[in-house]
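For what it's worth, the working numbering labels the leading residue of the sequence shown as 42, then goes sequentially. For every residue, glycine included, the Cβ atom is placed at its ideal position computed from N, Cα and C.
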Amino acid sequence: MTLFHDDLAFTDLARHAALLTGCARAFLFAGGAAGPVSFGETAADDGDFAARVLAEGFVEEAAPQLRAGLRLQAEGGVALGALCVADGVSRALTAAQRAELQALARRAAETLAAQGALDRLDLDFNAALDSLSDGIVTIGGGGALRAINAAAATMLGVTPDAALGATLEEILPEEGGDALLDAILAPMDAEAVPARQVVGFQGRRLAVQSRAYRLRIGPEAGRLAITASLADVTETERLAEAEAALARDLAEQHRKLQSAYLQLEQSATRIRETSRRIRATRLAGIAGLALLLGGLAAYSLWPAADWGAGETVAAEAGLTLQPQPVSSRIAVVGLLDAGSLVSVVGPFDGLVQQRLFRYGGQVERGAPLLQLDLKDVEVRLREARSAEIRARQKVAELRGWDSGFEVARARRAVAAAQLESSDLAARAAQTRLLLSRGIIAADEHRALVQQQRNQQLQLQAAQNDLESTLARGDAQTLRVAELELANAEAKVAELETDLAQATVRAPVSGVVLMPPEPAGGGRRAETIEVGSRVSRGQTMFTIGALESFQVRALVDEIDVNKVRVGQAVAVTGDAFGGITLEGRVTAVAAQAGGDGGGRGTMPSFPVTVAIEGISPEQRRQLAVGMSASLSIITYDKPDGYVAPPHYVHLDGAGQRVIRLRREGAVREVPVELGISTPEGIELRGALRPGDVALP
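Take a look at the structure:
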C-alpha cells in the first residue's frame, strides 16, 4: 500500500482526534493485528512504528505519555492500521470522547480502505498497460510523464521508473527525436483530432496516434493532458514494401509472358502463311507438271490431225481465280536515330564548375549534367534582396505617410506657427488699445505689427511645407514605389530560380549528342568543358530522347513516288538480330538530300520512319547510329486477284480485257493492271471468286 505522509485528510483526522479527546497528540499509522489494543503496547511491540506513521496531529507540545488507541478495520475484519492519542496526564476518556474517537476511527478506516482500493486499481491499470503490445504515454498538465508502459519505454529506450516525472524533452535524444516529439504534441496546436502519423526514431518506424483532453479531477483539474499510443510498424512497412516489390515483379513477368506469347502467335501466323504459300506453289507446280506430262503423252499418242482439237480443249480448262494477299515493298537501308532531340539551354550567365556527363553517354531523366558556378548569382541575389528591402520599406512608409514622421513634423510646425500668429494678433490688438490711450509709444505698436506680418509669412510657409509633404505621399508616388517593389521582387525571384537551376539536369532520358558537323566541312561547334562560359538561353548540348526511335534513310528517285506518309514499315538490323520492329513513314522529303543529284549519281530523297511500340527490352538493344534495314510496304491488298500476263488481251477498242468462264458462259471482262508480283499481274475489275480465266 502506498502511504502519503503529507495527506491533508489523514492530518485533519489526527488533529481532530487530539482536539476531541483533549490530548496533546494523536497518531494515525498503518499495519497491526485486528482488535482493540493499547497504544503503548502497539508502539512498544512495533519496531517499525515510525516508518508506518501516516499523519500526526497535536494541540500543544507535551511529553508523550502513551494512553490508548483503536484498531482500524475494513469490512471482513482486515486490519488497516490504528488511530492513537497520547497525553502527558494519565486520565480516562469520557464516553462521549470514546464515541467521537470511534467515529473518527471509522472515517479513518473508510479513508484507508478507499486509498487501498485506489492503489489496487492503479496496480491493475499498470498491469493492463504493461500487457499491451502498443506503447502508451500519458503527459500531465505540467508536461511531465504521468504514465508509461513497458512497450513505450522499450520503444523510447528508457526505463519506466526513470521516465515517470520527466518531460519528453529530457528523455528523448537531442538528435532524431524532434519528429516524434512533434507527432506526440500535435494535438496541442491542432483544432481537430490529428491523423495517425508515422515517424522515424532510432532506426525504427513508429505510428503515433495522440489525443488531448482536459483533466477533470485532482490538483491539475482543468489543465490540458495528452495520451499517445505508439506502435512499431517497422516490420509492417518492410513487409508492405516487399509485397509491393513482389507485385511489381509479378506484373513485369506477366507483361513479359504476354509479350512472348504475342511474339509466338505472330511467328505461328507467319509460319502458317508461309506454309500455305509453299503448299499452293507445290500444288501449282505439280499441276503444271501433270499438265505438261499429259500434253506430251497426248502429243506422242494422238494423231497430228487430232492435236489441234486437244489443245483447244486443254486451253479451255483455264485458271480459277481466288482472292489472295497482294503486296509490294521497297527495301532501303538507314540509320537509327533518337525519336526526338531536346536542346539543353543555359539557365544563366556563368562558368561551368563541374561536368557530370560524357558525350555519347546515356543519361536518365533528372540526372545532374552540369554544375554552374554560383558566385556571381549569389552577389546579384544579395544586391537584389537589399533593393527589395529598401523598396518594401519605402512602400510601407508611403502607405502610412499621413501618420508618418515627416507629416507629423510639418503639422507640428503649422500648429506652432498658428499659435504664435494668434498670440501676436492678440498682443497687437492689445497694444493698439494702449496706443489709442497714449500708454505706449507708436514704435512699439509698429514693431509688434511687423512681427505679426512676419509670423503670417512663416505660417504660410509652414502650410506650404505641409502641403508639399503630403503630396510626397500621394497615390501616384505610392504606385511608383509599389511598381519598384514588384520589380525588385521579380528580380529576386528570377535570381532565386537561377540559384535553384545551378545544377542542370537532364529533361529526358537519352544520349548526349556531340555537336553536329557543319555542312561544307567547317569547324565543329565547341563542346562544354569545365571552365567554359555559358550564357542565358545558349544551347549547350542536345539530348537524343530514347523513349522512342526513328530511322533516317534515302530512297531512290525511282521509288520515292511510291512512298507515302503513314505507310507501314518493317525494321530489322544485324546489330539487333532476331527483333523485327514496326514503324510508319512520318516524312518524305520533297527535295533530294545528301550527295544525291550530283553528276553521275542518282538523286535520293530523305525518308523518316518512326518506330512504334518499343518494349524496354528492345530499347536496351538499340543505340543511336546503328544501321537498319527498312521494308516499306507501298501497297498491300489482302484480297487481290493475280493472273499470268498472257491471260490479258486487248479488245477491238484497245481496252484490256480478260476472258472469263462464269456460270458456263464465256465473256470478256474489262480489267485494269495493278502491281507485278512473282505469280503474275494484279487484276482490278469486276472479278469474282471462282471465275475461270481463259487464255
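Between residue 628 and residue 302, what straight-line distance do the alpha-carbon atoms span, to the nearest angstrom? Stepping through the sequence shown from its first residue, residue 628 is reached at position 587. Stepping through the sequence shown from its first residue, residue 302 is reached at position 261. So the two alpha carbons sit approximately 33 Å from each other.
Looking only at its own chain, which residues have a Cβ that is under 8 Å from the Cβ of residue 204, when we skip the five neighbours before and after it? Along the sequence shown, one-based indexing puts residue 204 at 163. Cβ within range, chain order: 186, 189, 194, 197, 212.
Taking residue 51 as the reference, give the member of 379, 69, 62 with the closest Cα. In the sequence shown, the residue the question calls residue 51 occupies position 10. Measuring from the Cα of residue 51, the nearest candidate turns out to be 69.
Per DSSP, which residues does residue 125 bridge with? Please list them. Counted from its first residue, the sequence shown places residue 125 at position 84. Its beta-bridge partners are 68, 110.
Assign residue 477 to buried or exposed, taking buried as 16 or more other Cβ atoms, counted over all protein chains shown, within 10 Å of its Cβ. Here residue 477 corresponds to residue number 436 of the sequence shown, with the count starting at 1. Its Cβ having fewer than 16 others within 10 Å, residue 477 is exposed.
Near residue 681, what residues of its chain come up, given a Cβ to Cβ distance below 6 Å and the 5 sequence neighbours on each side ignored? Translated into positions along the sequence shown, residue 681 becomes position 640. These residues qualify, in order along the chain: 367, 723.
With burial defined as no fewer than 16 other Cβ atoms inside 10 Å of the residue's Cβ, what is the status of residue 507: buried or exposed? One-based indexing of the sequence shown puts residue 507 at position 466. Under this definition residue 507 is a buried residue.
Enumerate in chain order the residues of its own chain whose CB-to-CB distance from residue 13 is below 6 Å, with the five nearest sequence positions on each side excluded. Outside the shown range of the chain, which is 42 to 736, sits residue 13, and nothing can be said about it.
List, from N- to C-terminal side, the beta strand (DSSP E) runs of 3 residues or more that fit wholly inside the segment 590 to 653. 609 to 613, 622 to 629, 645 to 653
Where residue 224 and residue 270 are concerned, what is the direct C-alpha to C-alpha distance, given to the nearest angstrom? Indexing the sequence shown from 1 puts residue 224 at position 183. Indexing the sequence shown from 1 puts residue 270 at position 229. Going from the Cα of residue 224 to the Cα of residue 270 covers about 11 Å.
By Cβ distance, which residues of its chain are closer than 8 Å to residue 712, with the 5 residues on each side in sequence left out? Translated into the one-based positions of the sequence shown, residue 712 becomes position 671. Cβ neighbours of residue 712 beyond the five flanking positions: 689, 697, 698, 699, 724, 725, 726, 728.
In the structure shown, what three-state DSSP assignment does residue 215 receive? Residue 215 sits at position 174 when you count from the first residue of the sequence shown. Residue state, collapsed to three classes: coil.
Cutoff 7 Å; reference residue 363; Cβ partners in own chain excluding five residues on either side: Locating residue 363 in the sequence shown gives position 322, counting from the first residue. The residues are 730.
Taking the C-alpha atoms as reference points, what is the distance between residue 289 and residue 273? Locating residue 289 in the sequence shown gives position 248, where the first residue counts as 1. Locating residue 273 in the sequence shown gives position 232, where the first residue counts as 1. In a straight line, the C-alpha of residue 289 is about 26 Å away from that of residue 273.
7 Å Cβ cutoff met for residue 767 and residue 617: For the chain, the structure presents residues 42 to 736; residue 767 sits outside this window and is missing.
Are the CB atoms of residue 404 and residue 586 within a distance shorter than 7 Å? Residue 586 sits at position 545 when you count from the first residue of the sequence shown. Residue 404 sits at position 363 when you count from the first residue of the sequence shown. Cβ atoms of residue 586 and residue 404: not closer than 7 Å.
Could you tell me whether the Cβ atoms of residue 608 and residue 674 are closer together than 7 Å? Taking the first residue of the sequence shown as 1, we reach residue 608 at position 567. Taking the first residue of the sequence shown as 1, we reach residue 674 at position 633. The answer is yes: Cβ separation under 7 Å.
Suppose the cutoff is 7 Å on Cβ atoms and the five residues either side in sequence are ignored; what does the same chain contact list for residue 530 look like? For the purposes of this step, residue 530 is taken as residue 489 along the sequence shown, with counting starting at 1. Same-chain partners within the cutoff: 429.
Rounded separation between residue 83 and residue 111 - CA only: Here the question's residue 83 lines up with position 42 in the sequence shown. Here the question's residue 111 lines up with position 70 in the sequence shown. The predicted model places residue 83 with a pLDDT of 38, which falls under 50 and marks its position as unreliable; any figure quoted below should be read in that light. Their Cα atoms are separated by approximately 10 Å.
Where residue 732 sits in the DSSP three-state scheme: Stepping through the sequence shown from its first residue, residue 732 is reached at position 691. Coil, per DSSP.
Do residue 380 and residue 589 have their beta-carbon atoms positioned less than 7 Å apart in this structure? If you number the sequence shown from 1, residue 589 lands on position 548. If you number the sequence shown from 1, residue 380 lands on position 339. Yes.
Count the other CB atoms within 10 Å of the CB of residue 451; is the residue buried (16 or more) or exposed (fewer)? As a position in the sequence shown, residue 451 is number 410, starting the count at 1. Buried is the call here.
Less than 7 Å separating the beta-carbons of residue 377 and residue 592? Reading the sequence shown from its first residue, position 336 is the one you call residue 377. Reading the sequence shown from its first residue, position 551 is the one you call residue 592. Going by C-beta atoms, residue 377 is nearer than 7 Å to residue 592.
Please identify the residue among 227, 228, 229, 214 whose C-alpha is closest to the C-alpha of residue 243. Within the sequence shown, numbered from 1, the residue matching residue 243 stands at position 202. Of the listed residues, the one whose Cα sits closest to residue 243 is 214.
How about the segment 497 to 511 and the segment 473 to 489: do they share at least three Cβ pairs that are nearer than 8 Å? no
Suppose you measure from the CA of residue 53 to the CA of residue 254; what does that come to, to the nearest Å? Translated into positions along the sequence shown, residue 53 becomes position 12. Translated into positions along the sequence shown, residue 254 becomes position 213. Between residue 53 and residue 254, the C-alpha separation is close to 33 Å.
For residue 680, which residues does DSSP report across the bridge? One-based indexing of the sequence shown puts residue 680 at position 639. Partner(s): none; residue 680 has no beta bridge.
So, residue 180 versus residue 267, is the Cβ gap smaller than 7 Å? As a first step, residue 180 is located in the sequence shown; it is residue number 139 there, counting from the start. As a first step, residue 267 is located in the sequence shown; it is residue number 226 there, counting from the start. Against a cut-off of 7 Å, the Cβ pair of residue 267 and residue 180 comes out as a contact.
Would you check if there are 3 or more beta carbon pairs closer than 8 Å linking the segment 387 to 404 to the segment 413 to 431? yes
Helix, strand or coil, according to DSSP, for residue 477 in the structure here? Here residue 477 refers to the residue found at position 436 of the sequence shown. The answer is helix: DSSP assigns residue 477 an H, G or I state.
C-beta atoms of residue 533 and residue 425 nearer than 7 Å: Position 492 of the sequence shown, counting from 1, holds the residue named residue 533. Position 384 of the sequence shown, counting from 1, holds the residue named residue 425. For residue 533 and residue 425, yes; Cβs fall inside 7 Å.
Count the other CB atoms within 10 Å of the CB of residue 330; is the residue buried (16 or more) or exposed (fewer)? Counted from its first residue, the sequence shown places residue 330 at position 289. That one is exposed.
Would you mind stating whether residue 526 and residue 433 have Cβ atoms separated by less than 7 Å? Translated into positions along the sequence shown, residue 526 becomes position 485. Translated into positions along the sequence shown, residue 433 becomes position 392. Going by C-beta atoms, residue 526 is nearer than 7 Å to residue 433.
For residue 555, does the three-state DSSP call read helix, strand or coil? In the sequence shown, residue 555 corresponds to position 514, counting from 1. Note: residue 555 maps to coil in three-state DSSP.
By the three-class DSSP mapping on this structure, what secondary structure does residue 414 have? In the sequence shown, counting from the first residue as 1, residue 414 sits at position 373. DSSP places residue 414 in coil when its eight states are reduced to three.
Backbone CA spacing between residue 326 and residue 658 [nearest angstrom]: Residue 326 sits at position 285 when you count from the first residue of the sequence shown. Residue 658 sits at position 617 when you count from the first residue of the sequence shown. Each residue's alpha carbon lies about 44 Å from the other.
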